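Asks: Protein chains in written order, with our numbering: chain A, 31 to 166; chain B, 31 to 166; chain C, 31 to 166. Before anything else, here's the structure in question.
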Amino acid sequence: MFKKVHVFRVKPGQELLTEITHYCHDHDISSGVVIGIIGSLERAWLNFLMGLPGKYDSVDYPGPLEIVCAQGSVALKNDNSLIVHIHVQLSGQDICRGGHLAEATVFSTAEVAIGELDYQLRRQVDNYTGLNELLG
Amino acid sequence: MFKKVHVFRVKPGQELLTEITHYCHDHDISSGVVIGIIGSLERAWLNFLMGLPGKYDSVDYPGPLEIVCAQGSVALKNDNSLIVHIHVQLSGQDICRGGHLAEATVFSTAEVAIGELDYQLRRQVDNYTGLNELLG
Amino acid sequence: MFKKVHVFRVKPGQELLTEITHYCHDHDISSGVVIGIIGSLERAWLNFLMGLPGKYDSVDYPGPLEIVCAQGSVALKNDNSLIVHIHVQLSGQDICRGGHLAEATVFSTAEVAIGELDYQLRRQVDNYTGLNELLG
Numbered sequence: 031m032f033k034k035v036h037v038f039r040v041k042p043g044q045e046l047l048t049e050i051t052h053y054c055h056d057h058d059i060s061s062g063v064v065i066g067i068i069g070s071l072e073r074a075w076l077n078f079l080m081g082l083p084g085k086y087d088s089v090d091y092p093g094p095l096e097i098v099c100a101q102g103s104v105a106l107k108n109d110n111s112l113i114v115h116i117h118v119q120l121s122g123q124d125i126c127r128g129g130h131l132a133e134a135t136v137f138s139t140a141e142v143a144i145g146e147l148d149y150q151l152r153r154q155v156d157n158y159t160g161l162n163e164l165l166g
Numbered sequence: 031m032f033k034k035v036h037v038f039r040v041k042p043g044q045e046l047l048t049e050i051t052h053y054c055h056d057h058d059i060s061s062g063v064v065i066g067i068i069g070s071l072e073r074a075w076l077n078f079l080m081g082l083p084g085k086y087d088s089v090d091y092p093g094p095l096e097i098v099c100a101q102g103s104v105a106l107k108n109d110n111s112l113i114v115h116i117h118v119q120l121s122g123q124d125i126c127r128g129g130h131l132a133e134a135t136v137f138s139t140a141e142v143a144i145g146e147l148d149y150q151l152r153r154q155v156d157n158y159t160g161l162n163e164l165l166g
Numbered sequence: 031m032f033k034k035v036h037v038f039r040v041k042p043g044q045e046l047l048t049e050i051t052h053y054c055h056d057h058d059i060s061s062g063v064v065i066g067i068i069g070s071l072e073r074a075w076l077n078f079l080m081g082l083p084g085k086y087d088s089v090d091y092p093g094p095l096e097i098v099c100a101q102g103s104v105a106l107k108n109d110n111s112l113i114v115h116i117h118v119q120l121s122g123q124d125i126c127r128g129g130h131l132a133e134a135t136v137f138s139t140a141e142v143a144i145g146e147l148d149y150q151l152r153r154q155v156d157n158y159t160g161l162n163e164l165l166g
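Next comes the structure, spelled out in structure tokens:
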């Protein structure tokens with residue numbers, strides 16, 4: 031079950047992924063599910079997996095764009111460092127794209143919901159994909 | 031944690047946001063996370079934030095369109111009135127857009143999941159964004 | 031509440047919906063909310079509801095495509111067989127579409143989160159929509 035559900039706001043001008051990681055550190059969250067994020071962005075960088083192992087394209091999207099939704103997880107690597115892995119869906123009137131959240135600057139707000147798990151999620155490098163993949 | 035997870039259906043021809051708000055009133059939900067909505071719509075109005083404070087464009091999308099997903103929250107304002115804040119992702123074969131759900135008519139169904147929180151979410155007008163923003 | 035939150039990985043080359051259904055059978059999950067799925071796909075078939083009762087178009091999308099997000103539910107039909115109903119949002123740099131997940135082959139990974147419910151979700155054929163709709 032979710033032992034705690036955290037809902038918090040990331041503010042205008044802040045970098046979304048950095049602030050979520052800070053929040054997790056500050057609240058001792060090392061294992062969780064990113065249930066959702068809505069709001070708007072001033073600018074975003076999304077990654078798209080093009081080939082294996084680990085070949086990405088990184089694309090810059092100027093805003094304002096709505097954060098329509100986001101999902102992902104909070105887990106630990108072998109060295110016990112935190113990985114916050116998030117995919118995000120963005121949309122304006124003329125464009126709609128989603129992908130792996132690399133970096134994003136908040137426009138008006140980002141409302142984040144994280145469900146803290148009662149067991150530890152872990153990741154390890156997978157030689158086939160070249161990425162840190164979920165274990166278990 | 032989620033003290034209760036509500037899953038319910040909104041039916042053909044009903045207005046999605048109105049029915050979700052009614053459900054919350056009928057079930058005494060004043061604080062929650064909209065975990066998801068899937069289904070299809072006959073028509074939808076989405077808002078896109080264009081500038082601050084609070085400058086929106088409102089766009090009408092004729093259906094049928096799939097409700098691919100939705101996220102958001104249920105919270106109280108200062109005057110204890112309810113705010114259901116939802117962003118929704120829509121798609122057909124030829125178009126895909128998402129944004130702030132202003133109004134939508136259900137086509138076949140809308141399956142809504144709301145996680146009721148064990149603490150109170152609150153919103154207050156933020157002078158910078160001109161919008162009701164999450165507190166705390 | 032969610033009596034258990036399951037987080038698991040579907041691996042490269044596997045069919046996403048089949049693996050999720052297997053996971054539910056193996057872990058005795060007959061009632062739940064699909065909280066999210068992120069990852070990437072090699073190929074996907076999505077269905078789009080075009081008319082009622084139950085008139086669908088099925089479209090094939092070649093990958094690689096990001097799984098940006100997914101939502102849905104696990105429920106039982108009258109005959110106690112399992113229905114996993116999922117809508118999924120896909121995106122690449124040049125295309126972005128979402129719909130009813132009919133079939134999909136995983137590219138690098140699919141990270142699935144399912145919240146198991148403490149009550150039974152049920153579906154029944156609805157004569158108006160021609161589809162298995164949520165009861166209650």
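Note that CB positions come from ideal geometry on N, CA and C, so glycine has one too. On a predicted model such as this, the values are computed, not experimentally measured, just so you know.
1. How about A:Val142 and A:Ile59: are their beta carbons less than 9 Å apart?
2. Pull the bridge partners of B:Lys33 from the DSSP assignment, please.
3. Could you check which residue in C:Phe78, C:Ile65, C:Arg152 has the C-alpha nearest to that of B:Ser70?
4. How would you label C:Ser88, buried or exposed, when you count the other beta carbons within 10 angstroms and need 16 or more for buried?
5. Against A:Leu164, what residues of chain C qualify as contacts under a CB-to-CB distance less than 8 Å, listed in chain order?
6. Does A:Ser103 get closer than 9 Å to chain B when you measure Cβ to Cβ?
7. Within 10 Å of its beta-carbon, does A:His117 have 16 or more other beta-carbons around it, so buried, or fewer, so exposed?
8. Return the chain-ordered ranges of every beta strand (DSSP E) run that is complete within the region 134-164 of chain A and spans a minimum of 3 residues.
9. Would C:Asp156 be called buried (16 or more neighbouring beta carbons within 10 Å of its own) or exposed?
10. Report the option in B:Ser61, B:Glu133, B:Met80 whose CA atom is closest to the CA atom of B:Lys107.
11. If we call anything under 9 Å between Cβ atoms a contact, is B:Glu72 one with B:Val136?
12. I'd like the list of long-range same chain contacts for B:His57, defined as Cβ closer than 7 Å, with 5 residues on each side in sequence excluded.
13. Which residues in the same chain have their Cβ closer than 6 Å to the Cβ of B:Ile68, if we skip the five residues on either side of it in sequence?
14. Which residues in the same chain as B:Leu47 place their Cβ atom closer than 8 Å to its Cβ, once the five residues preceding and following it in sequence are excluded?
15. Should A:Gly43 be labelled buried (16 or more other beta-carbon atoms within 10 Å of its own) or exposed?
16. Quick one: is B:Asp56 near chain A, going by C-beta distance under 9 Å?
17. Taking Cβ-Cβ distances shorter than 8 Å, what residues in chain B pair up with C:Thr159?
18. With distances taken from CA atoms, which of C:Pro83, C:Ala74, C:Leu76, C:Leu147 is nearest C:Cys54?
19. Along chain A, which residues have their Cβ under 9 Å away from the Cβ of B:Asp87?
20. Apply the 10 Å Cβ neighbour rule to A:Gly102 and answer buried if 16 or more other Cβ atoms are within range, or exposed otherwise.
21. Using a Cβ cut-off of 9 Å (strictly closer), state whether A:Asp90 contacts chain C.
22. With a threshold of 16 other CB atoms inside 10 Å of the CB of C:Gly122, please say whether the residue is buried or exposed.
23. Please report the straight-line C-alpha distance between A:Gly128 and C:Arg127, rounded to a whole angstrom.
24. Could you check whether C:Pro83 and C:Thr169 sit closer than 9 Å to each other, using their CB atoms as the reference points?
25. Return helix, strand or coil for B:Asp124, following the three-state DSSP convention.
26. Along the chain, where does the alpha helix (DSSP H) that runs through B:Glu49 open and close?
27. Run down chain C in chain order and give the residues with a C-beta less than 7 Å from the C-beta of B:Ser70.
28. For a contact meaning CB atoms closer than 7 Å, what does B:His119 contact in chain C?
29. For C:Pro83 and chain A, any beta-carbon pair shorter than 9 Å?
30. Determine, using beta carbons only, whether A:Glu96 comes closer than 9 Å to chain B.
31. Mind checking whether B:Met80 and A:Pro94 have CB atoms under 9 Å apart?
32. Excluding the 5 residues flanking B:Gly145 on each side, which residues of the same chain have their C-beta closer than 7 Å to its C-beta?
33. Thinking just about the alpha-carbon of each residue, which of A:Glu163, A:Gln119, A:Arg39 is nearest to the one in B:Ala100?
34. Could you compute how far the alpha carbon of A:Leu76 sits from the alpha carbon of B:Leu165?
35. On the three-state DSSP scale, how would you describe B:Asp90?
Replies: Let's see:
1. Not in contact: A:Val142 and A:Ile59 (Cβ atoms no closer than 9 Å).
2. Answer is none; B:Lys33 lacks a bridge partner.
3. Out of C:Phe78, C:Ile65, C:Arg152, the CA that lies nearest to the CA of B:Ser70 is found in C:Phe78.
4. Exposed: under 16 other Cβ atoms inside 10 Å.
5. Scanning chain C for C-beta atoms nearer than 8 Å to the C-beta of A:Leu164 yields Val37, Phe38, Arg39, Thr139, Glu141, reported in chain order.
6. At a cut-off of 9 Å, the C-beta of A:Ser103 has no neighbouring C-beta in chain B.
7. Buried, because 16 or more other Cβ atoms sit within 10 Å of the Cβ of A:His117.
8. The region 134-164 of chain A is shown to contain whole beta strand (DSSP E) runs of 3 or more residues at 153-156, 161-164, in chain order.
9. Buried, since its Cβ has 16 or more Cβ neighbours within 10 Å.
10. In this structure, B:Ser61 is the residue among B:Ser61, B:Glu133, B:Met80 with its C-alpha nearest to the C-alpha of B:Lys107.
11. In this structure, B:Glu72 lies near B:Val136, with their beta-carbon atoms less than 9 Å apart.
12. When the five nearest sequence neighbours on each side are left out, the beta carbons in the same chain lying within less than 7 Å of the beta carbon of B:His57 are those of His36, in order along the chain.
13. Contacts found: Ile97, Glu141.
14. Val114, Ile116, Leu131, Ala132, Glu133, Ala134.
15. With a threshold of 16 other beta carbon atoms within 10 Å, A:Gly43 falls short and is exposed.
16. It does not; no Cβ of chain A falls within 9 Å.
17. Those are Pro42, Ser138, Thr139, listed as they occur along chain B.
18. Considering only alpha carbons, the answer is C:Leu147.
19. B:Asp87 reaches chain A at Gln123, counting residues in chain order whose Cβ is nearer than 9 Å.
20. A:Gly102 sits buried, since 16 or more C-beta atoms from the chains shown fall within 10 Å of its C-beta.
21. Chain C has no Cβ within less than 9 Å of the Cβ of A:Asp90.
22. Residue burial is scored here from C-beta neighbours: C:Gly122 has at least 16 other C-beta atoms within 10 angstroms and is therefore classed as buried.
23. If I take the Cα positions, the gap works out to 10 Å.
24. No statement about residue 169 of chain C is possible, as the shown extent of chain C runs from 31 to 166 and does not include it.
25. Coil.
26. Start and end: 46-56.
27. What B:Ser70 touches in chain C: Leu79.
28. Per the sequence shown, the amino acid found at residue 119 of chain B is Gln instead of His. Chain C residues near B:Gln119: Gln119, Gly128.
29. Chain A contact via Cβ: absent.
30. True, the Cβ-Cβ gap to chain B drops below 9 Å.
31. For B:Met80 and A:Pro94, yes; Cβs fall inside 9 Å.
32. Close CB contacts of B:Gly145 within its chain, under the 7 Å cut and outside five residues either way in sequence, are with Phe32, Val35, Gly62, Val63, Ile65 (chain order).
33. Cα-wise, what sits closest to B:Ala100 is A:Gln119.
34. Going by the C-alpha atoms only, they are around 28 Å apart.
35. In this structure, B:Asp90 counts as strand in the three-state DSSP scheme.
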